[in-house]
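Okay, so here's the structure we're looking at.
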Amino acid sequence: MSRPNALLAIALAALLVTAGCLGGITGSGDGANSDDDASVSFYVSDRPGAIDQFEHLNVTITAVGFHQADESGDDSDESDGDDSDDERDDIENETTDTLEDANETATQTETNTTTEAPETETDDSDNSTETESNDGDDAEDSDDSDDSEPGSESEDWVTHEVDNRTVDLTELQGANASRLTDFNISAGEYDKVFVHVSDVQGTLENGEQVDVQLPSDKLQINKQFTAESGSNLSFVFDIMVHEAGNSGQYILRPVVSESGTGDQVEIDDVDAEDDEERGPPEDAGPENDDDDSDDSDDSDDSDLELAVDGQVRAGENVTLTVTGNDDAAVANATVSVGGEAVGTTDADGTIQLTVPDDAEELEVTATTADAETETSWPVRGDGGQSSLTLPV
């Protein structure tokens with residue numbers, strides 16, 4: 001093949017590669033959402049990989065995102081078409097200039113019988129093509145992360161912040177999952193999910209701190225699911241730590257097969273189990289105990305009983321006994337007769353009282369620090385004996 005033809009072939013190859021890269025560029029979506037929303041509980045779990053080598057593997061997550069599959073196609077195609085036409089026009093113009101330069105170079109080469117310069121140009125073209133190809137791969141890998149920022153909605157990505165939640169993957173093996181947050185998404189079809197990771201801290205079983213690498217600042221999976229209007233979904237994003245051979249280098253990566261909604265994979269909420277095992281919060285315990293204690297005290301106070309032993313007759317002495325609901329004697333209770341204090345009960349909960357001469361009823365009040373109880377007995381004139389117990 002003559003040198004002009006070789007240069008022409010190289011230029012055409014560069015044109016095809018560049019045009020192919022342009023065809024993969026995703027345009028901006030309109031961000032339209034359905035009026036009806038679905039609720040999502042978002043979880044994180046860990047598939048066993050090299051996790052058994054870690055004592056702790058703390059991953060801090062800042063945001064999660066969902067990609068809407070039902071709207072991205074049309075918008076992307078329209079945008080790609082417009083952008084690609086403009087880009088291809090520019091490329092054709094550049095290619096024409098390149099071909100003209102190539103022909104001129106080839107003519108000069110044949111005249112001077114020198115091949116070094118064209119060979120160098122060919123090598124540069126090849127290197128340029130390889131660089132463009134590699135850049136294209138990198139762009140494809142990072143394209144979704146560039147489309148949206150936490151809290152934004154663009155390119156059909158719906159992103160939600162999760163307030164820098166840190167989870168320890170060593171505690172989330174298998175179906176065990178920790179719930180990060182709850183939020184709403186528009187009803188529809190979704191095909192991709194990502195989590196933004198701001199920090200990873202790994203501690204091996206021997207206490208050594210190791211650097212766990214991320215492909216980028218996010219982990220992404222392709223997973224299709226449907227969010228029905230008004231539904232409540234649970235979605236788990238599974239993450240695995242992988243050791244590169246026996247190099248001691250660790251990489252964090254997502255696991256598609258273990259990720260998905262509750263009807264696609266098993267989700268065992270460890271946070272809910274911990275709440276059940278712990279019972280009420282620690283700060284609520286004493287309060288509840290105090291409340292129960294207060295109720296118990298109130299119950300004790302309301303169940304105080306006053307009883308008299310002896311003849312309830314004018315001028316006679318009787319013995320008053322104050323007890324609680326458990327029949328325990330209540331000491332140091334202040335006792336009043338007819339509204340006047342006459343003394344306090346002794347250690348046995350008793351006190352001697354004199355029935356007033358002119359009283360028709362013996363009105364006795366017993367007062368403790370927490371309660372006051374009043375009971376009355378009729379004063380008898382027949383010399384009978386009265387022993388009464390009246391609950392309050």
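Per UniProt numbering, the sequence shown starts with residue 1, numbered consecutively.
Beta carbons: idealized from backbone N, C-alpha and C, even for Gly.
Note that this is a predicted model, so its numbers are computed, not measured.
Cβ shell of S229 (< 8 Å), same chain only, five flanking positions each side left out: S34, D36, D37, A38 and A187
Measure the alpha-carbon distance for T159 versus A244 and round it to whole angstroms. Separation of T159 and A244 (C-alpha to C-alpha, rounded to the nearest whole angstrom) is 31 Å.
From D52 to N206, what does the alpha carbon distance come to, in whole angstroms? Rounded to whole angstroms, D52 to N206 spans 12 Å at the Cα level.
Could you check the C-alpha separation between A328 and A347 for me, to the nearest Å? CA-CA distance, A328 to A347, rounds to 11 Å.
Please determine, among A359, I251 and P356, the residue with the shortest C-alpha to C-alpha distance to G49. I251
Would you tell me roughly how many angstroms separate the C-alpha atoms of F235 and H56, rounded to the nearest one? 24 Å
Under a Cβ-count criterion, where at least 16 other Cβ atoms within 10 Å of its own Cβ denotes burial, should T321 be classed as buried or exposed? buried
For V197, which residues in the same chain have their Cβ closer than 8 Å to its Cβ, ignoring the five residues on either side in sequence? V59, T60, I61, T62, L214, D217, K218, L219 and L252
Rounded to the nearest angstrom, what separates Y43 and S178 at their Cα positions? 5 Å
With DSSP run on the structure shown, which of helix, strand or coil describes E171? helix
Taking Cβ positions, are D182 and V40 nearer each other than 8 Å? yes
From the DSSP output, in three-state form, read off V355 for me. coil
Within 10 angstroms of its Cβ, does V256 collect 16 or more other Cβ (buried), or is it exposed? exposed
Are the CB atoms of V355 and G315 within a distance shorter than 8 Å? yes
Close-in-space but distant-in-sequence residues of the same chain around S376 (CB under 8 Å, 5 per side omitted): E361, L362, E363 and V364
Neighbour-count burial assignment, Q249, 16 or more Cβ in a 10 Å radius: exposed
Taking the C-alpha atoms as reference points, what is the distance between D168 and V195? 15 Å
State the Cα-Cα distance for the pair T323 and A331, rounded to the nearest angstrom. 9 Å
Whose CA, out of V193, Q201, T345 and G338, lies closest to the CA of V241? Q201
Hey, out of T350, E189, A175 and D211, whose CA is closest to I239's CA? The residue with the shortest Cα to Cα distance from I239 is A175.
According to the neighbour-count rule (16 or more other Cβ atoms, all chains shown, within 10 Å of its Cβ), is D326 buried or exposed? exposed
Cα separation between Q68 and L172? Between Q68 and L172, the C-alpha separation is close to 28 Å.
Spatially closest choice to N222 from E189, L204 and V212, by CA coordinates: E189
Mind checking whether L353 and V379 have CB atoms under 8 Å apart? no
Taking only three categories from DSSP, how would you classify Q220? Here Q220 sits in strand by DSSP.
Just reading off the beta strand (DSSP E) that P378 is part of, what are its end residues? E372 to P378
In angstroms with no decimal places, state the Cα-to-Cα distance between D295 and G310. Residue confidence is low: D295 scores 44 on pLDDT, short of 50, so the model does not pin down where it sits. No coordinate-derived value is stated.
Would you mind giving the Cβ-Cβ distance between L204 and F66, rounded to the nearest angstrom? I have them listed as a contact below 8 Å. That belief does not hold up - the Cβ atoms of L204 and F66 are roughly 34 Å apart, past 8 Å.
Sort S247, P254, L233 and N246 by Cα distance to I267 and report the nearest one. L233
Please classify S247 as buried or exposed, where buried requires at least 16 neighbouring CB atoms within 10 angstroms. Exposed: under 16 other Cβ atoms inside 10 Å.
Which residue's Cα is closest to the Cα of N164: V64, Q209 and V265? V64
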